[in-house]
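Counting the sequence shown from 1 gives a position; the working numbering is that position plus 33.
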Amino acid sequence: MSESKLAIHGGTPVRNDYLPYGKQVIDEDDIQSVVKVLSSDFLTTGPAIKQFESEIAKFTGAKYAVAFSSGTAALHGACFAAGISEGDEVITSPMTFAASANCVLYQGGKPVFVDIDPLTYNIDPKLIKENITEKTKAIIPVHFTGQPAELDEILKIAREENLIVIEDAAHAIGATYKNKRIGSIGDMTMFSFHPVKHITTGEGGIITTNQEKYYEKLLQFRTHGITRDPWLLKKNHGPWYYEMQFLGFNYRITDIQASLGISQLKKLESFIEKRKQLAEIYSKELSTLQEVILPHQLSYVDSSWHLYVLKFQLTKLTTNRKDIFQALLKENIGVNVHYLPVYLHPYYESMGYEKGICPIAESCYEEFITLPLFAGMENRDVMDVVNAVKKVVNYYSIK
Ligand SMILES: *Cc1c(COP(=O)(O)O)cnc(C)c1O
Numbered sequence: 034m035s036e037s038k039l040a041i042h043g044g045t046p047v048r049n050d051y052l053p054y055g056k057q058v059i060d061e062d063d064i065q066s067v068v069k070v071l072s073s074d075f076l077t078t079g080p081a082i083k084q085f086e087s088e089i090a091k092f093t094g095a096k097y098a099v100a101f102s103s104g105t106a107a108l109h110g111a112c113f114a115a116g117i118s119e120g121d122e123v124i125t126s127p128m129t130f131a132a133s134a135n136c137v138l139y140q141g142g143k144p145v146f147v148d149i150d151p152l153t154y155n156i157d158p159k160l161i162k163e164n165i166t167e168k169t170k171a172i173i174p175v176h177f178t179g180q181p182a183e184l185d186e187i188l189k190i191a192r193e194e195n196l197i198v199i200e201d202a203a204h205a206i207g208a209t210y211k212n213k214r215i216g217s218i219g220d221m222t223m224f225s226f227h228p229v230k231h232i233t234t235g236e237g238g239i240i241t242t243n244q245e246k247y248y249e250k251l252l253q254f255r256t257h258g259i260t261r262d263p264w265l266l267k268k269n270h271g272p273w274y275y276e277m278q279f280l281g282f283n284y285r286i287t288d289i290q291a292s293l294g295i296s297q298l299k300k301l302e303s304f305i306e307k308r309k310q311l312a313e314i315y316s317k318e319l320s321t322l323q324e325v326i327l328p329h330q331l332s333y334v335d336s337s338w339h340l341y342v343l344k345f346q347l348t349k350l351t352t353n354r355k356d357i358f359q360a361l362l363k364e365n366i367g368v369n370v371h372y373l374p375v376y377l378h379p380y381y382e383s384m385g386y387e388k389g390i391c392p393i394a395e396s397c398y399e400e401f402i403t404l405p406l407f408a409g410m411e412n413r414d415v416m417d418v419v420n421a422v423k424k425v426v427n428y429y430s431i432k
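See the structure below:
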């Protein structure tokens with residue numbers, strides 16, 4: 034059968050053009066929204082930022098939102114507002130992008146990696162408790178792929194142990210946990226607006242919170258630690274006067290970006306709906322393959338489907354993940370891998386983290402492949418991916 038000859042062996046690829054794993058969807062109204070700001074009075078520190086923040090707060094059900102120049106900057110702000118400092122320990126998941134742990138390092142703290150649940154790939158609450166010490170200050174759960182982590186259990190532990198919960202919800206805008214929107218539940222929640230995420234501002238991020246004390250700290254941290262608020266000033270020399278009260282950063286987002294965010298946010302629900310439909314097609318079409326494990330979904334959460342991650346059962350295959358990955362790429366399917374456990378990055382290894390800390394995350398890393406998923410995909414794109422996965426899996430199947 035000539036069409037089942039893998040492209041990597043010289044066969045015809047499933048599709049002629051490359052399908053990326055993720056990509057923004059920008060329409061004419063997004064462009065117009067940005068153009069309008071460009072000819073307005075404010076390119077930064079203007080009204081679009083406040084509007085974007087209040088719309089995100091409303092969407093998530095949080096009281097406050099503070100936008101930042103990136104999701105990473107937002108996480109740094111949250112760690113500052115949580116009071117993380119030299120020597121403090123913060124528990125997080127290894128199955129994430131480096132930023133979830135780097136934000137702790139920025140504050141002089143120490144990330145403590147706790148292994149994931151083998152079904153949901155989210156941090157395992159049962160393992161959190163045994164990793165708490167008198168130095169632990171916070172927990173940063175990551176809602177991997179858009180499926181919320183076990184927030185009730187995490188918050189219960191946090192309340193008992195007096196820890197702050199900062200959710201890394203870069204994957205999970207619009208997701209719900211027990212019918213509550215992510216962003217309204219933990220102490221602070223971060224969303225990212227990088228172009229591969231659900232909605233984009235180019236670069237950008239935001240923290241939502243229900244607590245005024247965090248809100249005020251975040252605002253000030255974003256702009257050098259400076260305030261003009263007469264209630265907060267230690268001195269006041271006159272109407273020109275402002276004060277730097279702690280060492281903050283310039284982490285401001287621009288009005289140009291915020292206006293793109295406002296326009297994108299109008300489409301967020303339809304984007305999520307589209308991602309859900311695409312994920313459903315994947316799950317239905319791939320459910321017949323014995324060699325792969327589909328993403329398991331808890332009954333009481335609703336994922337926003339940032340990523341669709343397949344786990345390849347290597348014992349049922351004649352080769353490793355790398356060969357399967359390369360074969361899929363040659364079929365013109367833009368697969369990806371999320372994630373190398375954070376502590377296995379050379380920088381973390383140089384700090385003394387070693388292989389073996391989180392065996393489940395490490396074995397998942399050897400078996401994961403992320404399939405393309407974004408709101409701009411057509412049903413025929415999904416079917417190309419399905420056909421490529423079936424073609425490659427059938428070729429390498431042990432049976
Ligand atoms: C994207 C992402 C971030 C960082 O967001 P940026 O906006 O790119 O700085 C943090 N954590 C996770 C899990 C992410 O996927």
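Where is the CB? At the ideal position from N, CA and C, for every residue including glycine.
Quick caveat, the model's predicted, so the values are computed rather than measured.
Item, Value
"So, with DSSP's three-state summary, where would you put D414?", "helix"
"Below 9 Å between beta carbons: does that hold for V368 and I402?", "yes"
"What are the start and end residues of the beta strand (DSSP E) that includes E200?", "197 to 201"
"Can you tell me which of R255, E249, H257 puts its alpha carbon nearest to the alpha carbon of W264?", "E249"
"What's the call for Q323, buried or exposed, on a 16-neighbour Cβ count within 10 Å?", "exposed"
"May I ask you to report which of helix, strand or coil DSSP gives M34?", "The predicted model places M34 with a pLDDT of 44, which falls under 50 and marks its position as unreliable, so this point remains unresolved."
"Taking Cβ to Cβ, would you say V58 is nearer than 9 Å to F304?", "yes"
"What residue range does the alpha helix (DSSP H) around G238 cover?", "Counting along the chain, G238 falls outside any alpha helix (DSSP H), though it belongs to the beta strand (DSSP E) covering 238 to 242."
"Rounded to the nearest angstrom, how far is the Cβ of A205 from that of S337, given a contact under 8 Å?", "5 Å"
"With H, G and I counted as helix, E and B as strand and the rest as coil, what does DSSP make of K423?", "helix"
"Would you say K162 and D121 are within 9 Å of each other, going by their C-beta atoms?", "no"
"Check each candidate in T178, P53, A95, N135 and name the one with the smallest Cα separation from H378.", "N135"
"Should V419 go down as buried or exposed, given a rule of 16 or more other Cβ atoms within 10 Å for buried?", "buried"
"In whole angstroms, give me the CA-to-CA distance for F254 and E236.", "18 Å"
"State buried or exposed for E183, treating a residue as buried only when at least 16 other CB atoms are found within 10 Å of its CB.", "buried"
"With a threshold of 8 Å (Cβ to nearest heavy atom), would E200 be considered close to ligand 1?", "no"
"Could you tell me the alpha carbon to alpha carbon distance between S126 and Y274, rounded to whole angstroms?", "43 Å"
"Put Y381 into one of helix, strand or coil per three-state DSSP.", "helix"
"Cβ of T17 within 9 Å of Cβ of T93?", "Residue numbering for the chain in the displayed model covers 34 to 432; residue 17 lies beyond these limits and cannot be assessed."
"How would you write the range of the beta strand (DSSP E) that P174 sits in, first residue to last?", "That residue, P174, is in no beta strand (DSSP E); it is neither H nor E in DSSP."
"In the DSSP assignment, what are the bridge partners of T444?", "Missing from the structure shown is residue 444; the chain here goes from 34 to 432 and no further."
"If we cut at 9 Å on Cβ distances, does P127 have a partner in chain D?", "Reference to chain D is not applicable here, since this structure consists of a single protein chain."
"Inspect the CB distances between the stretch 345 to 356 and the stretch 92 to 112 and report whether three or more fall short of 8 Å.", "no"
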